[in-house]
Amino acid sequence: MTTYLPRLVIAAPASGHGKTTVATGLMAALSRAGHTVSGHKVGPDYIDPGYHALATGRPGRNLDPHLVGEDRLVPLLLHGAAGADLAVIEGVMGLYDGQLGTDGFSSTAHVAAVTKTPVVLVVDISHASRSIAATVHGLRTWSDEVAVVGVVLNKAGSVRHSDEVVRALAGSGLPVLGILQRDDGVSAPSRHLGLVPAAERADAAAALDLLAAQVAERIDLEAIVRLARTAPALDGEPWSPDSSLVAPVETPRPVIAVAGGRAFTFAYAETTELLRAAGCDPVVFDPTTDEQLPDGTQGLYLGGGFPEVHAAELSGNERLRAQLRTAISGGLPTVAECAGLLYLCRSVDGVEMVGAVPADAAMAPRLTLAYRTATATTANLLGRPGETVTGHEFHRTQLHASPGDPAWSFGNGLVDGVATATLHASYLHTHWAGHPQLAGRFVEAVRRATPAAPSTDPGRLSLSKPAEPVDPLRHHGDREATAGLIDFAVNVYQGPRPDWLENALAGADVSRYPDPRPAAEAVARHHGRDVADVLPTAGAAEAFGLVARLRPWRRPVIVHPQFTEPDVALAGAGHQPEHVLLRPSDGFALDPAQVPVGADLVVIGNPTNPTGVRHSAEAIRALVAPGRLVVVDEAFLDDGAETLTTGDLTGLVVIRSLTKLWSIPGVRAGYLLAEPEVVGALTELQTPWSVSAAAGAALVACSSEDAAVEATVRVARIEADREFLLSGLAKLGIPHVAGSSAPYVLARPGTGVHAALRDAGYAVRRADTFPGLDESWVRIAVRNREVTTGLLDALECIHQARGSRWDSGTVALL
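Under my numbering, the final residue of the sequence shown carries the number 824; numbering is consecutive throughout.
In C-alpha cells form, the structure reads like this:
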C-alpha cells in the first residue's frame with residue numbers, strides 16, 4: 011500500500027534550540043490556517059505530545075524505534091496521521107543524537123531516514139552569527155539519508171544580527187523559513203522532569219494562541235507546506251489496534267479504569283486504542299477528585315505523571331484510596347507504570363498513598379532517564395519468564411524497600427518494581443504497540459475478574475457536618491440565605507430592576523383575569539418563531555409539572571447534577587425517574603451515549619444545572635430520538651450561545667425563566683418552546699390563569715428591544731464578576747469548575763467549609779442535595795468584586811485554621 015502524506019521533521023543541533031516552541035507553534039498555526047495537522051514526537055517523551063494535542067485537536071503520537079521497533083515507525087506514523095493532510099514530527103535532542111553506544115539509533119535523523127521525511131532545522135542564533143552557517147552545513151551534509159530542506163532562526167538579538175546569519179546561509183541553498191526574535195518565544199514552565207504538562211497549565215490554551223499568531227507572522231507557512239509536500243510517498247500498511255493478540259469481547263464490555271487528571275498525564279494513545287480494540291471499555295477517572303472507581307471496573311491502568319507534585323490531593327482522597335487498597339489486594343488486575351507505582355506505595359515523601367505496594371518512595375538527588383531492555387524473571391500479570399521487552403525510565407524518585415518479586419530485571423543486578431499474577435507495578439514505561447502481548451495478557455485477566463466493590467470507608471474528616479435538609483429534593487438556596495448572612499446562596503442578579511420593567515410590573519392590570527396571549531406573541535417575536543411554538547408558564551417549575559403529566563412516561567431520565575424541580579414534578583405525577591450522573595473527572599461533560607436507549611423522557615439543564623457547565627447544542631440534539639421527548643432547561647442561558655430555541659423543535663421542549671437575570675423571584679414568569687402539537691397538549695394540562703398579570707407583563711417587557719440591550723450589559727457584568735471569583739478560587743487552590751457559564755461557580759473546598767462559612771457570616775448553597783454531588787461541594791453565586799473579596803478572605807482564613815491544603819482534587823475541573 012502506497013500513501014502520500016505531506017510531512018516535515020522539526021530538528022535542531024541540540025536540545026534547547028526551541029524545537030518544541032517552533033514545532034508546536036507550526037502545528038497550531040497550520041491548524042488555524044485550515045489544515046488538519048497530525049502531531050508526532052521522536053522519542054518516548056509524553057509532555058511534548060500533550061502540547062501537540064492542544065495545538066492540533068488530535069492525539070499526540072510518539073515515534074520511537076527503541077520502544078516499538080524500526081519496522082513499526084511508518085505504520086504508526088500512517089495510523090496517527092489518518093485523516094490529516096499534513097504531519098509535523100518534532101525531533102529529540104540534537105539531530106543525530108540517539109541512544110548512547112548505538113551510532114544514533116532512535117535519533118531524529120534515524121526516524122527521518124526510516125520515514126523518508128524532510129527536515130527543517132531550528133537553530134538558536136543568540137550566541138553566534140556566521141558560525142551558524144557552518145553548523146547548518148555540517149548537519150546538512152553529515153548523512154546522505156537525511157534531507158535538510160530549510161532553516162528557522164530562533165532567538166535573534168536584532169534585525170542586524172539575523173541579517174548577518176541570513177547572508178552567511180545564502181550560499182547553502184537552504185531557504186530561511188522564518189526568524190523568531192529573542193523575546194518572541196512562548197515557553198512552558200519547567201520542573202524536575204522537564205516541562206510542565208499542558209494539562210496542568212491553566213494558561214496553556216492562551217499561550218498557544220499567542221504562539222500560533224507569532225509563528226504565522228514570522229514563519230512562511232506556505233513555504234512550510236510546499237516543503238512538506240516534497241516528501242515521497244510511503245509504502246506500508248497503517249498500524250491497527252486490531253493487531254492485539256486478544257480477540258474482541260462480545261457484550262458486555264469489561265470496564266478498565268484508566269487514571270487521568272493532572273496527576274496522571276503520561277500515556278500513549280495507542281494503549282487505550284489496543285484495550286478498546288480488544289473489546290474493553292477504558293473509562294478515565296481522576297484519582298485526585300473521583301471518590302469511586304467507575305461503575306463495573308474489572309481492570310485498572312495507572313500510567314505515568316506527577317504524583318509527587320499532587321501528593322496532597324491524592325492522599326486527601328481517602329475514600330478512593332481505601333477502595334483501591336481493597337480491590338487490588340482482592341485481585342483486581344492492575345498495571346501501574348512509574349507514577350502508578352508511586353501512587354500504590356505506602357507513601358511518597360512521607361505523604362500517605364494507597365498502600366497496595368509494601369514500599370515507600372522519596373525524591374532522589376538525581377534524575378533517572380534511560381532506555382532499558384527488560385526481562386521478566388517470573389510469570390506474572392504481563393510477563394513470562396525470560397521474555398524481553400524494551401522501554402524507558404523517566405523519574406526522580408526511588409523506592410526504599412524490596413517489595414517482592416520484581417516486575418523486570420535490567421541486568422547487572424538491577425531490578426524494577428513488583429509483580430504478581432494480578433499486579434504489575436514498575437518504573438518502566440513500555441509502548442504496547444511494540445509489545446501487544448502485554449495488552450493481550452492484561453485483557454485476558456480483566457475478562458476473568460470480578461468488578462471492584464464500592465468503598466464503604468467514608469474516607470473524609472469534617473469540621474462540622476451540616477444538618478440534613480428535611481427533603482433534599484425540595485431544598486432551595488433561599489433556605490441558606492438567612493438573616494444576618496451575606497448571600498452567596500441565591501443566584502438572583504444583584505442590581506436594581508430597569509425602569510421599563512418596574513413600570514411594566516406596576517402597570518399590570520390586576521383588576522381582571524390575566525390573558526397570556528400578548529406574552530406568547532412577544533416571546534414568539536423575540537425568538538423569531540410562530541406563536542404556536544410558545545407557552546407562557548408560571549416559571550420553570552410549572553413547566554416541569556406540565557411535562558411530568560404530559561404522558562404516562564415509561565422510563566423518564568434526568569441528567570444530573572441538575573436542579574431538583576424535575577425530580578419533584580415527576581415524583582408528584584407518580585413517576586420514578588432514573589438518574590444519569592455526569593462525572594467531575596469528565597468536566598461534567600455530556601456524553602449522549604450515557605442516556606439509556608429506552609428513555610422516553612430526558613431532562614437536562616443547559617447551563618441551568620449546579621455545575622454551570624454548558625453542553626453543546628449538537629450534543630443535546632443527539633439525545634433526540636423517535637418516541638422520546640428531550641426537555642432542556644435554559645433558564646440561565648442568557649447569552650444565547652448553544653441555545654436550542656433556534657432551529658427544529660421536533661422532540662424538544664426548551665424551558666426559560668425570567669427569575670434570575672431580571673431579579674424578579676417573586677414573579678413566577680417563564681415560558682417554554684416546543685412544536686405546536688406538544689404546546690397544545692401542555693396547554694390542555696395548564697390550570698387556567700396560572701400565569702399572573704404581573705408575569706405576563708414581565709414576559710412582554712423582557713422580550714423588548716430595551717431588554718435585549720440591558721441583557722447584554724447584565725451578562726457582561728456577570729461574566730466579569732464570575733472571572734474575578736474564579737481567579738480568586740484558583741489563587742487559593744480551591745478546586746472548582748472553571749468552565750461555568752452560569753451566574754455561579756461550583757467549588758469543592760471540602761467537607762465542613764459550608765458550615766464554617768456560615769460561622770464567618772457567609773451563606774453559600776450546599777450542594778449535597780443535588781444527586782451526584784456530596785457535602786465537599788458548594789455552589790457560590792456571582793457577586794460584585796467588593797463582596798466577593800470578603801468571601802475569598804473568609805475562605806483563606808478557614809484554610810489557615812485547618813492548617814492543611816484543600817482536600818478535594820485539582821485547582822480546576824474543566
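Every residue, glycine too, gets a C-beta built ideally from N, C-alpha and C.
Selected residue, minimal CA-CA separation from residue i, among the options
i: ALA629; options: GLY289, LEU352 and THR653; result: THR653
i: PRO506; options: TRP672, GLY401 and PRO781; result: TRP672
i: VAL701; options: THR383, VAL612, GLY549 and HIS445; result: GLY549
i: ALA766; options: THR779, VAL792 and ASP803; result: ASP803
i: LEU391; options: THR383, ALA369, GLN447 and GLY350; result: GLN447
i: LEU27; options: GLY101, PRO528 and TRP699; result: Checking the sequence, you will find His at residue 27 rather than Leu. For HIS27, the nearest C-alpha among the options comes from GLY101.
i: PRO508; options: ASP134, GLU715 and GLY79; result: GLU715
i: ALA63; options: ARG522, ASP74, SER48 and PRO54; result: SER48
i: LEU515; options: LEU184, ALA645, PHE276 and ALA711; result: ALA711
i: VAL520; options: ASP370, ASP497, ILE142 and GLY706; result: GLY706
i: THR12; options: GLY67, ALA273, VAL84 and PRO753; result: VAL84
i: GLY762; options: VAL755, VAL774 and LEU36; result: VAL774
i: ALA542; options: ALA530, THR799 and HIS536; result: ALA530
i: SER419; options: GLY450, GLN109, THR385 and VAL399; result: THR385
i: ARG732; options: GLY622, LEU639 and ALA651; result: GLY622
i: THR299; options: HIS485, ARG593 and ALA366; result: ARG593
Through-space distance from residue j to residue i, alpha-carbon basis
i: PRO262; j: GLY309; result: 14 Å
i: GLU729; j: VAL32; result: 34 Å
i: HIS746; j: ALA322; result: 17 Å
i: THR388; j: TYR56; result: 29 Å
i: ALA22; j: LYS29; result: 7 Å
i: GLU148; j: LEU131; result: It should be noted that the sequence gives Gly, not Glu, for residue 148. Roughly 12 Å between the two C-alpha positions.
i: ARG406; j: ALA374; result: 5 Å
i: PRO264; j: GLU806; result: 44 Å
i: ARG335; j: GLU397; result: 29 Å
i: GLY743; j: VAL688; result: 47 Å
i: SER751; j: PRO617; result: 7 Å
i: HIS764; j: LEU783; result: 14 Å
i: TRP787; j: ALA579; result: 25 Å
i: ALA269; j: GLY104; result: 33 Å
i: GLY315; j: ASP296; result: 12 Å
i: LEU18; j: HIS45; result: 14 Å
i: SER474; j: ASP769; result: A caution first: SER474 carries a pLDDT of 35, below 50, which makes its placement in the model unreliable, though a value can still be read off. Their Cα atoms are separated by approximately 11 Å.
i: PRO16; j: ARG239; result: 4 Å
i: LEU756; j: ASP643; result: 18 Å
i: TRP152; j: ALA144; result: 12 Å
i: GLY242; j: ALA645; result: In the sequence as displayed, the identity of residue 242 is Pro instead of Gly. Those two C-alpha atoms are separated by around 56 Å.
i: HIS202; j: ALA627; result: Confidence at HIS202 is low in this model, with a pLDDT of 32, below 50, so its placement is unreliable and the value that follows should be read with caution. The alpha-carbon atoms of HIS202 and ALA627 are separated by roughly 42 Å.
i: VAL319; j: GLY401; result: 24 Å
i: ILE614; j: ALA717; result: 27 Å
i: VAL480; j: ARG776; result: Its pLDDT being 47, under 50, VAL480 is placed unreliably by the model, and the measurement read from it follows with that caveat. Rounded to whole angstroms, VAL480 to ARG776 spans 14 Å at the Cα level.
i: GLU155; j: GLY79; result: 19 Å
Assumed close pair residue i, residue j - CB separation to whole angstroms, cut-off 8 Å
i: LYS51; j: LEU244; result: About 18 Å separates the two Cβ atoms, so there is no contact after all.
i: ASN72; j: GLN504; result: Contact doesn't hold; Cβ gap of about 51 Å is too wide.
i: ALA7; j: ALA518; result: Examination of residue 7 is not possible in this model, given that the chain is present from 11 through 824 alone.
i: ALA346; j: VAL453; result: About 16 Å; that fails the 8 Å criterion.
i: VAL399; j: THR460; result: About 29 Å separates the two Cβ atoms, so there is no contact after all.
Residue j beta carbon less than 9 Å from that of residue i
i: VAL607; j: ALA635; result: yes
i: ARG192; j: SER136; result: yes
i: GLY160; j: LEU237; result: yes
i: VAL129; j: ILE20; result: yes
i: PHE274; j: PRO304; result: no
i: GLU403; j: TYR353; result: no
i: ALA791; j: VAL500; result: yes
i: LEU591; j: TYR681; result: no
i: GLN333; j: PRO464; result: yes
i: PRO576; j: PHE554; result: yes
i: TYR754; j: ILE496; result: no
i: VAL857; j: LEU163; result: There is no way to answer for residue 857, as the model of the chain reaches only from 11 to 824.
i: VAL225; j: GLY188; result: yes
Between the stretch 330-344 and the stretch 423-435, can you find at least three pairs of beta-carbon atoms closer than 8 Å? yes
Do the stretch 608-617 and the stretch 559-567 touch if we need at least three Cβ pairs shorter than 8 Å? yes
Could you tell me whether the stretch 419-430 touches the stretch 223-232, using the rule of 3 or more Cβ pairs below 8 Å? no
For the structure I just gave you, are there three or more beta carbon pairs, one from the stretch 567-578 and one from the stretch 658-672, closer than 8 Å? no
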